[in-house]
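Here the protein sequences line up with chains A and B, keeping their order.
Using this note's numbering, the first residue of the first sequence is number 16, and each one after it goes up by one.
Using this note's numbering, the first residue of the second sequence is number 111, and each one after it goes up by one.
Encoded as structure tokens, the structure appears first; notes follow it.
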Amino acid sequence: MLPWNYGFDWNASHIIFLGAFYAVLAVVAATLAAAAIRSWHALRAGKAEAIRWHSDFESLPDGDRVCRHVLTGEFHHRQCPNAFCCGECATHANLIGRHPLPKVEEPEEEVCGMAFPLNRFYHRGHTWARLERDGTVLVGLDELGKRLLGQPDKLLLPRPGRQVHANGTAFQVRRRNAKVRVLSPVDGKVVETGSAERGWYLRIKPESNNVKAFQHLLRGAEIKPWILREMERLQLALTDEGASPALADGGVPVADIAASYPAADWDAVCGEMFLQG
Amino acid sequence: MGFVDKEFIARGLRRSSTGRFLLWILPWVALLVFGLYSAGLCLVKGLNQTNMDNRFAFGHWIFLDLAVIALGAGAFFTGFLLYILKIDELRAVINSAVVIGLVCYSGAMAVLAVDVGQPLRAWFTFWYPNVHSMLTEVTFCISCYLTVLLIEYLPIVLRNRKLRDVPSFLVFEHELHKLVYVLAGVGTFLSFFHQGSLGGLYGVLRGRPFAFREGLAVWPSTFFLFILSAAAVGPSFILLTTWMVEKLSRKRLVRPAVFGRLARVSGLLLAVYVLAKAVDTLVWINRTSPETGFQAWQYYSWKPFGTWILFAEIVLFGLLPALVMLTPRLRAHTGWLVTAAAMACCGVALNRFVMTVQTLALPTLSFDPYLSYFPSWQEIGTFLAVVAYGVLVYSFSFRYFNLFPEERELRLEAAAQEEEPALAGRY
Chain A
16 MLPWNYGFDW NASHIIFLGA FYAVLAVVAA TLAAAAIRSW HALRAGKAEA IRWHSDFESL
76 PDGDRVCRHV LTGEFHHRQC PNAFCCGECA THANLIGRHP LPKVEEPEEE VCGMAFPLNR
136 FYHRGHTWAR LERDGTVLVG LDELGKRLLG QPDKLLLPRP GRQVHANGTA FQVRRRNAKV
196 RVLSPVDGKV VETGSAERGW YLRIKPESNN VKAFQHLLRG AEIKPWILRE MERLQLALTD
256 EGASPALADG GVPVADIAAS YPAADWDAVC GEMFLQG
Chain B
111 MGFVDKEFIA RGLRRSSTGR FLLWILPWVA LLVFGLYSAG LCLVKGLNQT NMDNRFAFGH
171 WIFLDLAVIA LGAGAFFTGF LLYILKIDEL RAVINSAVVI GLVCYSGAMA VLAVDVGQPL
231 RAWFTFWYPN VHSMLTEVTF CISCYLTVLL IEYLPIVLRN RKLRDVPSFL VFEHELHKLV
291 YVLAGVGTFL SFFHQGSLGG LYGVLRGRPF AFREGLAVWP STFFLFILSA AAVGPSFILL
351 TTWMVEKLSR KRLVRPAVFG RLARVSGLLL AVYVLAKAVD TLVWINRTSP ETGFQAWQYY
411 SWKPFGTWIL FAEIVLFGLL PALVMLTPRL RAHTGWLVTA AAMACCGVAL NRFVMTVQTL
471 ALPTLSFDPY LSYFPSWQEI GTFLAVVAYG VLVYSFSFRY FNLFPEEREL RLEAAAQEEE
531 PALAGRY
């Protein structure tokens with residue numbers, strides 16, 4: 016039905032009816048076009064990984080999104096409103112300014128029989144980043160991450176020269192039925208790839224060595240309460256899969272946790288622990 | 111096969127094995143095939159396959175179409191409450207509401223296409239519209255709203271685990287979702303108008319004094335009553351279907367507070383509707399009907415359409431469920447809540463039946479006989495195809511898309527409760 020077509024008269028009711036109809040069609044078409052144009056711009060600007068992280072973060076259960084200041088006891092309950100991008104968080108800046116993290120004298124923190132060296136920063140998706148003297152950053156799996164994935168069936172590392180984004184995919188691991196996107200702790204360009212034997216997986220030339228580039232990562236006194244909480248989360252994820260580990264009894268996670276729970280849906284467990292959507 | 115299928119299921123969601131799923135969909139596929147055969151007969155051989163005639167130009171299909179469209183109103187109304195009024199609790203059911211809306215509207219459109227016939231000339235309704243007919247408004251609004259629902263369904267599909275691996279799908283879904291409030295607004299506008307126009311369709315029938323109503327400007331009172339009743343039962347139908355899916359899948363999908371919120375909204379609107387309907391009925395009994403030469407009691411002397419039907423429509427399936435849903439103590443019991451929601455849904459279906467079938471059955475001229483109507487098996491079969499189609503679309507959506515975003519979290523909460531009650535509060 017168009018103004019020049021059958022049955023149309025230039026009177027108020029026809030104009031209102033057609034006007035409303037065309038307005039609706041125009042709004043729907045404009046919405047689709049706007050979404051398509053914005054997507055094109057986002058893809059060109061390389062924002063896909065950031066969007067994936069934000070989308071994944073929103074779909075995480077509340078328990079996986081707690082603010083780092085809950086771990087240190089500064090809050091009882093607080094959900095992170097910034098997808099773990101603490102650099103954008105005024106509350107974090109305020110709290111760190113008022114109560115800097117206490118110094119830890121030991122070179123490493125031992126939690127549940129796992130060693131966490133304190134000369135590095137930890138991402139909540141179980142990777143670590145260590146700033147090297149040459150200005151590059153080494154990225155590896157933390158001790159709990161290693162034990163969760165055990166001996167990977169397949170490892171997909173990015174080629175040198177590839178750009179990685181903080182909270183975006185650093186590399187991918189396949190273990191049993193689990194396909195895990197291990198999250199990158201920093202922004203930068205991959206300059207070298209490592210292996211499990213070398214103890215690290217990526218050497219990255221970071222976009223910035225500024226302290227702000229590492230602000231979202233955990234360090235020092237935050238590590239122990241974070242790992243204790245992670246152990247609780249692991250216990251929960253395994254319980255949900257029908258396994259009931261007695262971690263509370265003081266047990267130590269075995270080197271290959273996946274192999275110890277052959278019946279568990281390892282994809283679901285890794286999804287929880289590696290913050291996958 | 112099982113492994114491939116699992117890769118399409120959202121991480122952390124538990125779904126039945128592929129074999130069990132196939133077993134579940136098999137009878138529905140069989141029903142769909144039977145329904146498509148029935149519809150094919152009607153399209154190829156014509157409406158002589160039905161029991162409709164010149165008197166019963168509207169029958170089983172239109173009655174059920176109207177009922178399904180009213181029940182599908184949960185999609186627009188939940189969207190309106192969530193995106194426009196910002197009732198964030200309803201995020202837990204919005205995806206399911208969109209799928210239900212899509213199924214209801216697309217199913218109704220399919221049946222209308224069979225009813226109207228000549229599908230190759232379907233575009234005539236847009237190109238050569240009868241600008242004096244409420245049905246034109248209905249056709250335009252429903253077509254537009256179905257398009258809106260398809261666009262709203264798109265982000266749900268693109269959120270599928272496998273499809274998200276494609277960066278352009280992921281980004282488009284994200285960008286489209288950011289604009290979904292625009293679609294929710296458009297959907298609300300369209301839904302208000304077509305629900306109203308469907309009601310207006312009956313209210314303007316001067317030759318059928320049982321349905322004819324006075325109103326405001328060009329809109330008879332049925333225009334407003336249809337909008338109100340659809341908005342009232344939409345949330346009830348979402349509540350009912352969510353509960354049914356929980357029972358069938360044996361999973362907790364939403365928190366009790368969501369059921370409570372849906373019931374409160376539904377109960378409140380239903381109470382307003384019952385009041386409006388009661389006033390409308392009184393005006394009709396005392397003024398509109400006598401002015402057309404009929405006393406209202408005459409309509410109810412034709413069995414089986416006695417006054418019981420009026421009582422059932424207003425009190426039994428209107429006032430009663432509204433009171434249950436508005437009483438906190440009763441609302442706290444799932445049994446009462448679900449029964450009330452089911453009664454509200456039955457009420458709207460009964461209302462659409464009365465407006466369609468009873469209106470046409472009653473004689474209006476001195477030489478008119480009272481006519482009853484029962485649909486042919488082809489009519490029933492065609493509608494069963496819509497039911498089967500709805501179950502299949504919903505089943506596939508439930509399996510491969512994350513219809514209930516809180517499902518994963520509720521499972522973890524249950525695990526925490528099982529493991530150690532002290533942990534439960536933290537997760």
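The beta carbon of each residue, even a glycine, is placed where N, CA and C say it ideally should be.
- Annotated as proximal: Gln159/B and Ser486/B, with beta-carbon spacing under 8 Å.
- Taking a Cβ-Cβ cut-off of 9 Å, Ile31/A has no neighbours in chain B, whose nearest Cβ is about 11 Å from it.
- Annotation: Cβ neighbours of Ala51/A in chain B (cutoff 9 Å, chain order): Phe282, Glu285, Leu286.
- Excluding its 5 nearest sequence neighbours in each direction, Phe336/B has C-beta neighbours in its own chain below 7 Å: Gln305, Gly306, Leu308, Gly309, listed in chain order.
- Ile219/A is bridged by DSSP to Val152/A, Val205/A.
- Here Val195/A has Val188, Cys285, Phe289 as same chain residues with Cβ atoms under 6 Å from its own Cβ, once five neighbours each way along the sequence are excluded.
- When 7 Å is used as the limit between beta carbons, Gly286/A is near these residues of chain B: Arg121, Gly122, in chain order.
- Taking every protein chain shown into account, the CB of Gln228/B has fewer than 16 other CB atoms within 10 angstroms, so this residue is exposed.
- In this structure the segment 229-239 of chain B does not touch the segment 197-207 of chain B; the number of beta carbon pairs closer than 8 Å is below three.
- Using a CB distance cut-off of 8 Å, Asp168/A does not count as an interface residue toward chain B.
- Annotated three-state conformation of His170/B is helix, per DSSP.
- Collapsing the DSSP output to three states places Gly211/B in a helix.
- Of the other Cβ atoms in all chains shown, 16 or more fall within 10 Å of the Cβ of Asp71/A; this residue is therefore buried.
- By DSSP's assignment, Phe136/A forms a beta bridge with Ala144/A.
- Secondary structure note for Gln94/A: it is in no beta strand (DSSP E), with a DSSP letter that is neither H nor E.
- Nothing from the segment 198-221 of chain A brings a Cβ to less than 7 Å from some Cβ of chain B.
- In this structure, the alpha-carbon of Asn461/B lies about 24 Å from that of Thr437/B.
- Chain-ordered listing is empty here: chain B has no CB closer than 9 Å to the CB of Ile242/A, the nearest sitting near 15 Å.
- Contact with chain A is absent for Ile194/B, since none of that chain's Cβ atoms lies less than 8 Å from the residue's Cβ.
- Under the 8 Å criterion on CB atoms, Gln291/A is classed as interfacial with respect to chain B.
- In terms of CA proximity to Tyr147/B, Val496/B leads the group Val496/B, Ala525/B, Glu517/B.
- With at least 16 other beta carbons inside 10 angstroms of its own, Thr142/A counts as buried.
- With at least 16 other beta carbons inside 10 angstroms of its own, Tyr499/B counts as buried.
- Contact note: Ser74/A reaches chain B through Pro515, using a C-beta cutoff of 7 Å and chain order.
- Using a 10 angstroms sphere on the CB of Met354/B, the tally of other CB atoms stays under 16, which defines it as exposed.
- Contact between the segment 51-60 of chain A and the segment 266-281 of chain B is present: three or more C-beta pairs spanning the two stretches fall below 8 Å.
- A distance of 8 Å or more separates the beta carbons of Gly325/B and Arg441/B.
- In terms of Cα proximity to Phe229/A, the closest of Gly34/A, Ile31/A, Gly61/A, Cys100/A is Cys100/A.
- In this structure, the CA atom of Arg190/A is about 18 Å from the CA atom of Gly214/A.
- For Lys194/A, there is no enclosing alpha helix (DSSP H); the residue is found in the beta strand (DSSP E) stretching over 193-198.
- By alpha-carbon distance to Ile219/A, the top candidate from Leu232/A, Val201/A, Val226/A, Ala211/A is Val201/A.
- Between the beta-carbon of Ala144/A and that of Leu232/A there is about 6 Å, and that keeps the pair under the 8 Å contact cut.
- If you draw a straight line from the Cα of Gly78/A to the Cα of Leu253/A, it is about 15 Å long.
- Neighbours of Ile261/B across chain A, judged by C-beta separation under 8 Å: Val43, Thr46, Leu47.
- Residue burial annotation: Ser411/B is exposed, with fewer than 16 other C-beta atoms found within 10 angstroms of its C-beta.
- Lys62/A sits in coil when the DSSP states are folded into three classes, being neither helix nor strand.
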